[in-house]
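Novice: Before anything else, here's the structure in question.
Protein chains: 2
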Amino acid sequence: MDTEIRQKSGAQLLQYAPFSSCVDPRFWYKLSQLKLEKYKLSEESVNIDGFFSNVSTLGMGLRVSVDESSFERNSGIGHNLLPMRGTLMNKNTLDGFRDLDKKALLQEVGKELWKQIQNGQALENPTILNSFLLLTFADLKKYRFYFWFAFPALLHPSTPVYASSIHDIAEEMNPKQVASLGDAYSNIPAESPSKQFFIVTLLNDNCDIASLATFNEKVEEWRRNSATKFYLGFADPSQLEANPGWSLRNFIALIHHLWYPDLGDEVKVLCLRMEYGKGGSNVAKSICVTVQLSSLLAETPDFPGTIGWEKNLKGNMGPRMADLSSSLDPIRLAESAVSLNLQLMRWRLVPSLDLEKVEQTRCLLLGAGTLGCNIARCLLGWGVREITFVDSGKISFSNPVRQSLFVHEDCLEGGKNKAEAAARALQLIFPPVRSRGEALHIPMPGHPVSKAEEESLKSAVARLEELVASHDVVFLVMDSRESRWLPTLLGAVHQKLVITAALGFDSFLVMRHGLKTCSVDPGGDSPPLACYFCGDVVAPGNSMKARTLDQQCTVTRPGISMIAAAYAAELAVSVIQHPLGGGAPGISLEKFGEEDVGNEREADCVLGKVPHMIRGFLSAWHQLGPATPAFSQCTACSEKVIEAYKSEGLEFLLKVFESSAYLEELTGLKKLQEESFDAEVWVMDDTDDDETEDHDDLRGSVEDAASS
Amino acid sequence: MDTEIRQKSGAQLLQYAPFSSCVDPRFWYKLSQLKLEKYKLSEESVNIDGFFSNVSTLGMGLRVSVDESSFERNSGIGHNLLPMRGTLMNKNTLDGFRDLDKKALLQEVGKELWKQIQNGQALENPTILNSFLLLTFADLKKYRFYFWFAFPALLHPSTPVYASSIHDIAEEMNPKQVASLGDAYSNIPAESPSKQFFIVTLLNDNCDIASLATFNEKVEEWRRNSATKFYLGFADPSQLEANPGWSLRNFIALIHHLWYPDLGDEVKVLCLRMEYGKGGSNVAKSICVTVQLSSLLAETPDFPGTIGWEKNLKGNMGPRMADLSSSLDPIRLAESAVSLNLQLMRWRLVPSLDLEKVEQTRCLLLGAGTLGCNIARCLLGWGVREITFVDSGKISFSNPVRQSLFVHEDCLEGGKNKAEAAARALQLIFPPVRSRGEALHIPMPGHPVSKAEEESLKSAVARLEELVASHDVVFLVMDSRESRWLPTLLGAVHQKLVITAALGFDSFLVMRHGLKTCSVDPGGDSPPLACYFCGDVVAPGNSMKARTLDQQCTVTRPGISMIAAAYAAELAVSVIQHPLGGGAPGISLEKFGEEDVGNEREADCVLGKVPHMIRGFLSAWHQLGPATPAFSQCTACSEKVIEAYKSEGLEFLLKVFESSAYLEELTGLKKLQEESFDAEVWVMDDTDDDETEDHDDLRGSVEDAASS
Ligand SMILES: [Zn+2]
Ligand SMILES: [Zn+2]
């Protein structure tokens, strides 16, 4: 920065951290389009909107960004971004761009700003203190864009400004007062001018934020009551300890011109800096600058000089150039558009959302039926880039109307493989996605294989284990109960996050299999979370009846699969956002009282609660969220089973595939059955509405599967 | 039927209603496939499964159906269909088909059946009394299938059987006893042999149904206690007053051979016939036949003769032919497959579901964004055949990952129109759908038009009105609040079912605008249901703030749109299934107590409850279903507004488009505002979790829209 430096004893020269510009490629795309369709040869100035933020968690620093939406005024920027008005001057030729008198242009802008300070309009709308100029030339043949930003700052007062102190807000206010300031600031809508420049008064522990237009009134209040403290404040995007952001420069010009000497020798300026953490937003990183007004000349220039052209990347005063000849590639545009859409969630609503974590999550979908297709779509919407489908089925004529990645053509000539077709469909939707499909058949308990088939079974098991190990989340969305057994076991062995979804006619179950480290209740001693099989007292594949229910798969209300798929994907993303990931404690949603609403607890992530399971009932438009503990004799996730697999490997699996009764022997379930066999377990009637009342029953909590 | 008729005084000759066969085209498709891939030149008999039903509501009559699933044994047939075992004999040549000794074949089957009756195995598994033979020849070159069904019936006893009485069950049992019989029968799984042939004992008001294998025991019970009544029963698909179904023929052979004369001179046979109505299933249409055993010869043939070859459509004993050369067209196959899938819902789970009503519903989707795309998919899954999209937007690069009918290619060259692309996508998924797209711009309050634009506005209004009038359900799923106003008004004018869906970041609102005739609570006096605008105290388009919120549209969790879309489609289908349609009363879901679960009420349809609205909150995995009354000063649905439109037409609309304040004048809202203006109404913060607690507030119950 070109702030002049002059020494003065006992005080610190104020140096401002400058804004820097950031242009999304889609800004150029939109500009090209507008140039061709609307502006044509006009060189008239165009009003555009940029945005910046004083929320440090967003990591935007002092950047002022423009993107596609910059051309639509009032495009509603949200709570964490602050709008900055800009003026775009697009020249028709490179010569016009080069030859424009940039100094004179900036003086024009400065003159207008100074006029608004003098006539008091700046008090009504102080956001004009933050503004930018953008000079451009668009070479539409080569897709090169020349541009130069200016952030106009008045050279007023003409002498340097000193601060008698620059200190943390903690030295200025007690924690209660800081909290009160944060609350008051949060309540101001992002669009309000008072979000950018404002007056703060502090009485006891209560902070009040008011518009600059109320200056006289507020000063009077302050003078009347000596217990009141008075500050001027502004949204400060700087994160430097001793350097407030560029906005303070014009603010001091206004303060000095309008309110000195009325304000006295000094004024305290709050440089308001927000961050998000556990418990919401706070302003604890703010600083306070005591500005020495008395050291300033009492001058009233016709208009002060104006500076502010941005330096280029080499550190010189000069324009920059964006070469988009490659990135106007539609695939890159799609990438940028999708990522912008996701960033908006962060920027506008959930600053602590970790989108990178979601993007890097490798998802394995075992099943490419109604659930698999819809879950993949939802993951794509969340920005997941690596999705692998496993399904050995072929697409049949009844599938496309419910399985959202397939079309009629996929059914011809016997039907394409579902997994491969689903992977291909994702690429047609969003080419950068890394999707794959494998027509792997998942071996099942109680489905014996012949000697001849053993080799192919061996390789299927090995491949499935490789896939589980090389992904982060495994979705069990196949259409038979037995086929979920091996992946559940492998998920437990490799301690992966496993999400199961299963459908009834108008009900669904979505649950996560917790890691060993996660518990039913937050805290140390409670047992880990149940898996899909923990509720069973017979091994999968051992029940004719269960198989029959499984095969009723397609008989579901079409909406059920969409809802369950959305919940499955959203549950996965919530778990990913939890600091403990798959180890996040699962808690029964019913345990939340009204008093918990809005309170962050250990079972919450930035997206809200992280339940163990959700059971929904469409006929009653109702859902439940019980949490159940793992069963020590579970046929899929118990220690005994995991140990047997670890020590015997394929030999163990062969015994299980031969007869699932082996699992009942191993886990001691058989003994349990003999001791207390309750024939009623079998009479599960999945058309019976009464099941809505059975949710607390462990057996009732595991629903029969249906997805394709 | 070739039942011999011989007169006998004082009694009625028993004549049986025969089974008739019904072959789904997909049966032939599957047979062709199996013939080519598996059977090849083998002529070995194959076991297949057919199904029939004694539920009259299903409208299947005495039909025994086979379809694709017939080749998979144990394919889990559900609660309303009864399995019938069959034997398929497919001949390699037409000569082989013609020359087979059909009489001898039937005798073979009869011999085996007779053996099982004699050795008592038929008591363990009486379903063998119902069985069929299917003789086929598949001409795979011409796609012609020759076939002949037989439903084997033993000619035993060899003399005619007389009934001393055939009467309604109401003459036999009191209503309590009939209800008890119905309950006992419903509790038997469809797969159980006792669902088809069984013993009924009646003591006081309690009916008990038992397996034929318990005959001795049951007869003893009956003899011990003279208050007990004893019946033999069977599942009777016949709906004729005096003619039981064909199954009774073999049953009487068994009864006569095994239990006469032990049973006495007569036995009462219950011909059990089910129907579904309000309150679930009942057996009130059953009849009771008193069979005169004493009139029968006491004979024990080595084996009795067997009859049962089906007549063809001309009424002759002869084979039939299905010419599928045209219907093996993949589009017809898709149609048949999708319709079968839907029928399964009815057959297996919800017999009174009116699928035709859903299929005939013409749906208008105003908006082809995330919600529009997903709702259309869900409607397609439900069998809706006519879907029209209206959207003037173009597909942008960020759309395909969330808008499930678009792919990357649709974004190229400036992007296709959303409505047209969505309509085309539906056809690619399911070619028979009648989908259309129109790039119509919907005029909005507070968006004035110039004189020059008036003509195009006029035609837009006229077209929109035409569309509303020519569809049955209108979905409001656009991305701005104002654009919902005109369609809401037109929906109210034409008294159409209107479903609105709107999204927040992690919350949604799905609601229906009730017809004038529908009320908040079932019953006469309560007010009609609110529309989307009923909760507002300002006219749409009159608030800068509201517009800003609307434009935060894309900032939603991806799962939210799937869930809301599924609820919107399922709510529409539920309303369609309600006897009162759009006039169905809407009731707050919160008013349902535990005691209501499973009870049918006036607010229920066959699919369950029919609420007014559903508000969901994903961060808490929670949803609410309040019902709110219409507002007499509503800017969209109140009488004053409807009257103004009816009398002034376009003139009225022009005033509203010019300034939405006109609506506030007209409805008296302005006066209301002046009287009690509450600035707090404006401070709606849609990122604030506290909104979950605001649901009972009428203002809070209308959420800002977001769909594209
Ligand atoms: Zn387990
Ligand atoms: Zn209304």
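Heads up: the sequence lines are chains A and B, in that order.
Taking UniProt numbering, I'd label the letters of the first sequence as residues 1 to 708.
Taking UniProt numbering, I'd label the letters of the second sequence as residues 1 to 708.
We put the beta carbon where it would ideally sit given N, CA and C, even for glycine.
For clarity, every value in this text was computed on a predicted model and none was experimentally measured.
Could you spell out the range, first to last residue, of the beta strand (DSSP E) harbouring Lys229 of chain B?
Specialist: On the second sequence, residue 229 of chain B is found 229 positions in, with the first residue counted as 1. 229-235 is the span of the beta strand (DSSP E), which, as asked, contains Lys229 of chain B.
Novice: Using 8 Å as the limit for Cβ to Cβ distance, is Lys609 of chain A near chain B?
Specialist: As a first step, residue 609 of chain A must be located in the first sequence, where it is residue number 609. Judged by the 8 Å Cβ criterion, Lys609 of chain A is in contact with chain B.
Novice: Roughly how many whole angstroms lie between the Cα atoms of Lys268 of chain B and Thr87 of chain B?
Specialist: Taking the first residue of the second sequence as 1, we reach residue 268 of chain B at position 268. Taking the first residue of the second sequence as 1, we reach residue 87 of chain B at position 87. Between Lys268 of chain B and Thr87 of chain B, the C-alpha separation is close to 32 Å.
Novice: Strictly below 8 Å CB to CB, what residues from chain A border Asn125 of chain B?
Specialist: By one-based count along the second sequence, residue 125 of chain B stands at place 125. Simply none; closest approach about 15 Å.
Novice: When every heavy atom of ligand 2 is checked, does at least one fall within less than 7 Å of the C-beta of Cys534 of chain B?
Specialist: Counting from 1 along the second sequence, the entry for residue 534 of chain B is found at position 534. Yes; taking the cut-off as 7 Å, the Cβ of Cys534 of chain B has a heavy atom of ligand 2 nearer than that.
Novice: Is it the case that the CB of Phe145 of chain A approaches a heavy atom of ligand 2 more closely than 7 Å?
Specialist: Stepping through the first sequence from its first residue, residue 145 of chain A is reached at position 145. No, since every heavy atom of ligand 2 falls outside the 7 Å radius drawn around the Cβ of Phe145 of chain A.
Novice: What first and last residue would you give for the beta strand (DSSP E) that runs through Glu590 of chain B?
Specialist: If you number the second sequence from 1, residue 590 of chain B lands on position 590. Neither: Glu590 of chain B is in no beta strand (DSSP E) and is coded neither H nor E.
Novice: Could you tell me if the beta carbon of Phe197 of chain B falls within a distance shorter than 7 Å of some heavy atom in ligand 2?
Specialist: Position 197 of the second sequence holds residue 197 of chain B. For ligand 2, not one heavy atom lies less than 7 Å from the Cβ of Phe197 of chain B.
Novice: Name the residue from B:Arg320, B:Leu82, B:Val46, B:Asn119 whose alpha carbon lies nearest to the alpha carbon of Phe147 of chain B.
Specialist: Counting from one through the second sequence, the residue named residue 147 of chain B turns up at place 147. Residue B:Arg320 is the option with its Cα nearest to Phe147 of chain B.
Novice: Taking the alpha-carbon of Ala462 of chain A as reference, which of A:Gln118, A:Thr136, A:Met613, A:Glu651 has the nearest alpha-carbon?
Specialist: Indexing the first sequence from 1 puts residue 462 of chain A at position 462. Comparing Cα positions, the closest option is A:Glu651.
Novice: So, do the region 161-177 of chain B and the region 54-62 of chain B have three or more beta carbon pairs nearer to each other than 8 Å?
Specialist: no
Novice: Of the residues A:Gly233, A:Gly608, A:Asn187, A:Asp205, which one's Cα is nearest the Cα of Asp506 of chain B?
Specialist: Taking the second sequence and counting its residues from 1, the one referred to as residue 506 of chain B is at position 506. Out of A:Gly233, A:Gly608, A:Asn187, A:Asp205, A:Gly608 has the C-alpha closest to the C-alpha of Asp506 of chain B.
Novice: Is the CB-CB distance between Glu359 of chain B and Arg332 of chain B below 8 Å?
Specialist: Position 359 of the second sequence, counted from the start, is the residue given in the question as residue 359 of chain B. Position 332 of the second sequence, counted from the start, is the residue given in the question as residue 332 of chain B. Their beta carbons are not under 8 Å apart, which means Glu359 of chain B does not touch Arg332 of chain B by this criterion.
Novice: Leaving out five residues before and five after Glu590 of chain A in sequence, what residues of the same chain have Cβ atoms less than 8 Å from its Cβ?
Specialist: Your numbering for residue 590 of chain A matches position 590 in the first sequence. Cβ neighbours of Glu590 of chain A beyond the five flanking positions: Leu624, Gly625, Pro626.
Novice: Measuring only from the beta carbon, is Ala539 of chain A closer than 7 Å to any heavy atom that is part of ligand 1?
Specialist: The count along the first sequence starts at 1 and reaches residue 539 of chain A at position 539. Checking the Cβ of Ala539 of chain A against ligand 1 gives no.
Novice: Anyone know if the C-beta pair for Gly583 of chain B and Pro611 of chain B falls short of 8 Å?
Specialist: As a position in the second sequence, residue 583 of chain B is number 583, starting the count at 1. As a position in the second sequence, residue 611 of chain B is number 611, starting the count at 1. Going by beta carbons, Gly583 of chain B and Pro611 of chain B fall outside the 8 Å limit.
Novice: Would you grab the beta carbon distance between Gly393 of chain A and Gly541 of chain A for me? Rounded to a whole angstrom, and I think it's under 8 Å.
Specialist: Reading the first sequence from its first residue, position 393 is the one you call residue 393 of chain A. Reading the first sequence from its first residue, position 541 is the one you call residue 541 of chain A. Wrong, their Cβ atoms sit about 19 Å apart, outside the cutoff.
Novice: Would DSSP call Ser131 of chain B helix, strand or coil?
Specialist: Taking the first residue of the second sequence as position 1, residue 131 of chain B is located at position 131. In the three-state scheme derived from DSSP, where H, G and I count as helix and E and B as strand, Ser131 of chain B is classed as strand.
Novice: Whole angstroms are fine: how far does the CA of Leu529 of chain B sit from the CA of Lys516 of chain B?
Specialist: Along the second sequence, read from residue 1 onward, the residue named residue 516 of chain B stands at position 516. Along the second sequence, read from residue 1 onward, the residue named residue 529 of chain B stands at position 529. Computed Cα separation, rounded: 8 Å.
Novice: Any beta carbon of chain B sitting closer than 8 Å to that of Gln626 of chain A?
Specialist: As a position in the first sequence, residue 626 of chain A is number 626, starting the count at 1. First, the residue type needs correcting, since residue 626 of chain A is Pro and not Gln in the sequence shown. It does not: the Cβ of Pro626 of chain A has no partner Cβ on chain B nearer than 8 Å.
Novice: I'd like to confirm something about Ala530 of chain B: is its beta-carbon nearer than 7 Å to some heavy atom of ligand 3, or not?
Specialist: Inclusion of ligand 3 in the displayed structure is not the case, the ligand content consisting of ligand 1 and ligand 2 alone.
Novice: Taking Leu380 of chain B as part of the alpha helix (DSSP H), name the residues at either end of that continuous run.
Specialist: Counting from 1 along the second sequence, the entry for residue 380 of chain B is found at position 380. Run containing Leu380 of chain B: 370-381, per the alpha helix (DSSP H) assignment.
Novice: Do the region 462-476 of chain B and the region 357-371 of chain B touch if we need at least three Cβ pairs shorter than 8 Å?
Specialist: yes
Novice: Going along the chain, which unbroken runs of the alpha helix (DSSP H) with 4 or more residues stay wholly within the region 608-670 of chain B?
Specialist: 639-648, 650-658, 661-667
Novice: Given 8 Å as the limit, is there contact between the region 635-642 of chain A and the region 478-496 of chain A, that is, 3 or more CB pairs closer than that?
Specialist: yes
Novice: Flag this pair as yes or no: are the beta carbons of Ala150 of chain A and Glu310 of chain A separated by less than 8 Å?
Specialist: Within the first sequence, numbered from 1, the residue matching residue 150 of chain A stands at position 150. Within the first sequence, numbered from 1, the residue matching residue 310 of chain A stands at position 310. Cβ atoms of Ala150 of chain A and Glu310 of chain A: closer than 8 Å.
Novice: If you measure beta-carbon to beta-carbon, which residues of the region 342-367 of chain A are closer than 7 Å to chain B?
Specialist: Leu344, Met345, Arg348, Leu349
Novice: What whole-angstrom Cβ distance do Val338 of chain A and Gly264 of chain A have, given they're in contact under 8 Å?
Specialist: Position 338 of the first sequence holds residue 338 of chain A. Position 264 of the first sequence holds residue 264 of chain A. Contact between Val338 of chain A and Gly264 of chain A does not hold, since their C-beta atoms are separated by about 54 Å, which reaches or exceeds 8 Å.
Novice: So that I know if they touch, is there some Cβ in chain B lying closer than 8 Å to that of Asp49 of chain A?
Specialist: Within the first sequence, the letter at position 49 stands for residue 49 of chain A. It does not; no Cβ of chain B falls within 8 Å.
Novice: Measuring only between beta-carbons, confirm whether Met89 of chain A sits less than 8 Å from chain B.
Specialist: On the first sequence, position 89 is the one that residue 89 of chain A refers to. It does not: the Cβ of Met89 of chain A has no partner Cβ on chain B nearer than 8 Å.
Novice: How do the region 335-355 of chain A and the region 442-458 of chain A stand: do at least 3 beta-carbon pairs fall below 8 Å, yes or no?
Specialist: no
Novice: So the candidates are A:Met444, A:His441, A:Ile442, A:Glu420; which of them puts its Cα closest to the Cα of Arg434 of chain A?
Specialist: By 1-based counting over the first sequence, the position of residue 434 of chain A is 434. Comparing Cα-Cα distances from Arg434 of chain A to each of A:Met444, A:His441, A:Ile442, A:Glu420, the minimum goes to A:Glu420.
Novice: Within 7 Å: the Cβ of Ala627 of chain B and any heavy atom of ligand 2?
Specialist: Working through the second sequence from its first residue, we reach residue 627 of chain B at position 627. Every heavy atom of ligand 2 is 7 Å or more from the Cβ of Ala627 of chain B, so no.
Novice: Under 7 Å: does the beta carbon of Ala190 of chain A sit that close to some heavy atom of ligand 1?
Specialist: As a position in the first sequence, residue 190 of chain A is number 190, starting the count at 1. Ala190 of chain A Cβ: outside cutoff for every heavy atom of ligand 1.
Novice: Return yes when the Cβ of Val401 of chain A is within less than 8 Å of the Cβ of Gly381 of chain B, no when it is not.
Specialist: Mapped onto the second sequence, residue 381 of chain B falls at position 381. Mapped onto the first sequence, residue 401 of chain A falls at position 401. Yes, they are a contact pair.
Novice: Spatial neighbours of Leu14 of chain B within its chain, please: CB distance less than 6 Å, with the 5 preceding and 5 following residues excluded, ordered by chain position.
Specialist: Position 14 of the second sequence, counting from 1, holds the residue named residue 14 of chain B. Hits under 6 Å: Val161, Ala163.
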